Structure formats: structure tokens, C-alpha cells
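In the numbering used here, each residue carries its 1-based index in the first sequence increased by 1034.
Data block below; observations after.
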Amino acid sequence: MIRTRFAPSPTGSMHIGNLRTALYEYLIAKRHGGVFVLRIEDTDQSRLVDGAMGIIFDTLKLTGLNYDEGPLVGGDYGPYIQSERKSLYMPYAKELVEKQHAYYCFCTKEQLESRNLQKYDRHCLNLPQNQIAEKLASGTPFVIRQFIPAGKTTFKDEIFGKITIEHEEIEDQVLIKSDGMPTYNFANVIDDHTMAITHVVRGSEYLTSTPKYNLLYKAFGWDIPTYVHLPLMLNEQGEKLSKRHGAASFQDLLDMGYLPAAIINYIAFLGWSSPDNREYFTLAELAEVFDIKNISKSSSLFDHKKLAWMNGEHIKRLDSEVFYKMALPFLESSLKGKTADFRDFRKIASTVQSRIAFLKEIPELLDFVDKLPEYDIALFVHKKMKSSTETALAALTAILPLYEKVSTEDWHNDNLYNIAVECGKTLEYKNSQILWPIRTALSGKESSPGGASELCEMFGKEESLRRIGVAIGKLGGT
RNA sequence: GGCCCAUUGGUCAAGCGGCUAAGACGCGGCCCUCUCAAGGCUGAAACAGGGGUUCGAUUCCCCUAUGGGUCACCA
């Protein structure tokens, strides 16, 4: 049974690099019917940010990365917040001291700084037992450090392969801080083991510190988990993702108008590729095909252009009713909340669904609906449509009386289209020469979501005739 | 700087010793079309450089270059 964990620190907004890590952890577990757990790593009390834990919960919920064990939902390996497990770590640290894999250190920060060290000098490694006991009894602040033996460690990563690090490169890291809290390095190992995590999935920035963890596992006699180190994600400038460099957080992306499903789909492909070239995936579909084997080693740059395209793909495939509900606020704002009978919001929404990458594009697309824009008669001139102001005027004056005769009941797209085309024939015009002027008269714009007769149907008889009349006036007709 | 890792078109990427080096986004063109989108077709665009190994290297090895990561009582 595969067990993975997402272990963020509640220090602010949710980075999309973190989100991708969470996504891969979720997918690796789900692909094999495993368990995905959420663990909050809040051992650094000074960096806690109010509400940060809520952001983590909300983000996972919004993206559908539901965890099987963790805060709020519980589980057999709780508690799932490290500060609530504080008392758990010290006994393990003491066990290591007894086994001589760790030792007490009483050096203060000031002392360490004054010694100007590259690496801890093991000043406290060989303190006499009685001296240690004395200091502990007197309440002298201490930390517990891991003793790194001479030698080297080679480990296997599922993505990067075999990696060897000489122990000279590693220092005797602190396991328990002077406030009694474990460091990340220690808590992580203890928790991963006690929570029976089988696959440790994290960013590749942990690659070089992995030997320290392995030494810990060995000191305890525990099995080393499977490691899956993920390639880094860089921003569009090729820099490490950070809040300072713009939209790096999930929330920022939401604010820009990206759909959670599109974000998930897109970041899944940053560092991973599907075997069959397919690119549109829902979370559930990803969970069926995701494979560690297809994760790449090289870091990738975040590209808003492709995400925008992906967003459009997701919008296009939305169920029309779902899309309508999402679009409604934008429709209302662009149509100023009026619901005159010629405006069928559902119909309008459907015309717009395949034309946008973002919902916020809706108002501009429909700005001609509520009010006919001021436009120049040059709009009627279109070379490819073979339309000029003269043909446009002739076309509109010819169609107006014909449309006036159409009853409200017969005011439908197909019917109006046929009438227009027939009218064009009597004038010996190409279809475009009659349709383009009508469309332009109705929209007052170079382009619109819908053609001539479609717009006519959308506007209804009265408003359509009015706009055609306005156009005739502009063109100098009567 | 030491150590670790990476390096295929602008970007995401397939490739796992022999290929006209896929595909996607973006960009250009064409088709379709009641404008614009959508859709279909299509074009330009890449193996960082140098040595090896091999009958043969994008694929394996070494060096160089570039980029990144890491060297905390942060995670």
C-alpha cells in the first residue's frame, strides 16, 4: 500500500510549486489505490502566518486534492500537525544520543558566530558525561546534534537515479532546537516513519540533504522510503518561483481568472508528460494514467500563454449549464443587470463559450448588446466581404422592409438567414454582401459572437430593426 | 567558492545507438465559415560546445560552458 504525504508549512500563500508537489503526491498515491495524507509542518513557530493553514485546506479542497488522513479528517497516525506531536520527538532524539548517533551541544548562537565556522566544529562532541549532566541539571539551553560519521552515502532516487554525497559535505545538523522543537530535518524523518509513508515526494532542492535523512533511518534501524525528487519549477524569467516575481501562488492564478481544473491540468504537465500525447485531463483522468516513469529531470518554466490556452480548453468543455452559472455574473455586469425580453442570457452565454479563455473577457465581447456602440461607416467597407458603403446601404434598405414583415413568432435564426440570402440574390449580391452589413449594423463592431441572423434572433425584432435603421441613417439613406 | 543536479525549437516536451528528431502552446499561411472564434490542414522553428567509445551517436563516457539547487537552532 502506497502512502504519500503533502507536508507544507503554514507560512503564507500556496506556491504553485508546492501545489504541483501536492498534485504529484496525490496522483502517485491514487494511481495505485494508496493513501494521501496531509501533515502540517509548523515547527518553526516564528514563521507561522495567521490563516495560512486555512489557505492550505482551501486550496486542496478547491483543486479536489482530497486527503485521506490529516487535520480535520483525522486518521490512525495522528495528530497530523507537528506542533501537536512535539512530545513525540525528544525520546527519539535521546535514543540517538544513547546510541551515539547524536549528542548534546551547548554552544550558543553567539559562540558559534564568533568562531566563524564553515561547518560545526564538534566543540561539544566529546564533553565528559558529568559535565553534560551538570549542564542539563542546571537548565542550560541545549540542542541535540546528529553525529555524521566519516564516509559517504549513495542512495537511489526514482527520478534522478543514483546519487552519492561525501559526508564531509554534511555537518552535524541540529535535530532538536533549544526551544525543544524538532527541526524540519528531524521531524520529517520521524513523522514519515511513524506515519508509514512509503514514498517521499518532494522538490529536488532536498536531493543533497537526503543522505542526512538516510543516516537517521539507519541509526534507528528503519527502512528507507522510496524517494521521488521532483524537478524545479521556474517562473517565466527562469528564476525560482517566488512571491516577489509575480503570480506564483494559486490564489493569484485564481484572481487572474484561471479555473482550478485548468491550473491542475497545466501544472501536471510541468515536469510530466502523458504517454499518449493527450493534454486535456481532469484530475480523475490524471489519476488513471500518472506514472513516476514519465516525470522529467529538468526544471521547467511557467508559461502563462499555455495556461491561458488550457483555461480555454476547460471552459469549452464545461457543461453548458455549468458555464452559464459561472458566466452569469459577467453577463449581468456587462448587460447592466437588465433583462429585457430580447435577451436570453442562456443563449448569449452559449455564443460566448467557445470564444473565450477567461470569463472576464465576456463583458468586452458583449459590450455592444446593451448599447449600440458609436461606430464609423468605414466598418461597412470590407474587401474580402466585397462590401462597400454603397452595397451596404442598398443591402440594408432592401432587407429592412422584408424583416418588418416577419412576425415575432417567425423571428428565428434560420428563417432570417434565408430571407437575407434570398434578398441578396435579388440584388445579385454575394451572401457576404448582405450578411456583413446586417451583422455590422447590429453589432457596430468588427467582430461579434454570432453572425447576422444569429444576432437578429438574439436582439429580437424590434431592436434589430432599430439598429438596421440607425445604420441606414449613418449611410445616408432614409 | 565546495558539493549535487540539469541542458532537444521562444515555452512544455517525445526520444531511451541507426528516425525525414513526434506532439502541444505561441507565431505565419490555407480551408471551412453568417463577422470573430472554434474546428481541419499546413509552414517557420531544436539535439549548448569540444573530445572520445562505436560501423554508426540527440541517445554511452570525459572535459568545457551555461543554468539551477544546496551548504541555518527555515522548511
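We put the CB at the ideal spot given by N, CA and C, even for glycine.
Note that this is a predicted model, so its numbers are computed, not measured.
- Taken atom to atom, the span from the alpha-carbon of Tyr1123 to that of Arg1073 is near 15 angstroms.
- DSSP, reduced to helix, strand and coil, places Tyr1060 within a helical segment of the structure shown.
- The C-beta of Arg1037 has 16 or more other C-beta atoms within 10 Å across all chains shown, which makes the residue buried.
- Nearest Cα to Tyr1409 within the set Ile1506, His1348, Asp1225: Ile1506.
- Ile1502 is not a Cβ neighbour of Leu1450, given a cutoff of 7 angstroms.
- Residue state for Met1492 is assigned as helix, using DSSP reduced to three classes.
- With fewer than 16 other Cβ atoms from the protein chains shown falling within 10 Å of its own Cβ, Lys1459 counts as exposed.
- Of the candidates Ile1349, Ala1391, Ala1475, the residue whose Cα lies closest to the Cα of Leu1427 is Ala1475.
- Annotation: the stretch 1149-1176 contains the following complete segments of the alpha helix (DSSP H) (minimum length 4 residues), in chain order: 1163-1171.
- Nearest in C-alpha terms to Gln1207, of all of Lys1508, Leu1489, Tyr1137, is Tyr1137.
- Nearest C-alpha to Lys1381 among Gln1079, Ser1354, Pro1397: Ser1354.
- Across the set Glu1456, Leu1499, Cys1457, the C-alpha of Leu1499 shows the shortest separation from the C-alpha of Ser1477.
- Residues of the same chain with a CB within less than 7 angstroms of the CB of Gly1068, apart from the 5 flanking positions on each side, are Met1035, Ile1036, Arg1037, Thr1038 in chain order.
- The three-state secondary structure of Phe1402, taken from DSSP, is helix.
- In this structure, Lys1186 sits away from Glu1205, with a CB-CB distance that is not shorter than 7 angstroms.
- Sequence-distant partners of Gly1046 (beyond 5 residues in either direction) whose C-beta falls short of 6 angstroms from its own C-beta, in its chain, are Val1083, Ala1086.
- In its own chain, leaving out the 5 sequence neighbours on each side, no residue places its CB closer than 6 angstroms to the CB of Gly1214.
- For the stretch 1418-1472, the full-length alpha helix (DSSP H) segments reaching 4 residues or more read 1423-1438, 1447-1460 along the chain.
- Under the DSSP definition of a beta bridge, Thr1260 partners with His1233.
- Annotation for Leu1241: Asp1191, Phe1194, Ile1197, His1263 place their beta carbon closer than 8 angstroms to its own, counting only its chain and skipping 5 residues before and after.
- As DSSP reads the structure, Trp1306 sits in a beta bridge with Ile1329.
- Secondary structure in the stretch 1074-1113: the alpha helix (DSSP H) runs of 4 residues or longer, each lying completely within the stretch, are 1086-1097 in chain order.
- By the neighbour-count definition (other C-beta atoms within 10 Å, threshold 16), Gly1510 is an exposed residue.
- In the three-state scheme derived from DSSP, where H, G and I count as helix and E and B as strand, Arg1065 is classed as helix.
- Separation of Ala1383 and Ala1391 (C-alpha to C-alpha, rounded to the nearest whole angstrom) is 14 angstroms.
- For Leu1393, the CB contacts under 7 angstroms within the same chain, skipping 5 residues up- and downstream, are Gly1291, Met1360, Ala1361, Phe1364 in chain order.
- In the DSSP assignment, Asp1191 forms a beta bridge with Gly1195, Tyr1261.
- With a contact defined as Cβ atoms closer than 8 angstroms, Ala1429 and Gln1387 miss out at about 30 angstroms.
- Boundaries of the beta strand (DSSP E) harbouring Tyr1137: 1136-1139, taken from the DSSP string.
- For Lys1350, the three-state secondary structure derived from DSSP is helix.
- In the DSSP assignment, Arg1380 falls within the alpha helix (DSSP H) that extends over 1379-1386.
- Going by DSSP, Leu1209 is part of the beta strand (DSSP E) stretching over 1208-1210.
- The C-beta separation of Asp1078 from Ser1043 comes to about 7 angstroms, placing the pair in contact by the 8 angstroms criterion.
- Here the alpha carbons of Ala1063 and Ala1321 stand approximately 9 angstroms from one another.
- Taking C-beta atoms as the reference points, Leu1266 and Ser1238 count as a pair closer than 7 angstroms.
- Taking each of Gly1173, Val1177, Glu1168, Phe1303 in turn and checking the Cα distance to His1157, the smallest one comes out for Val1177.
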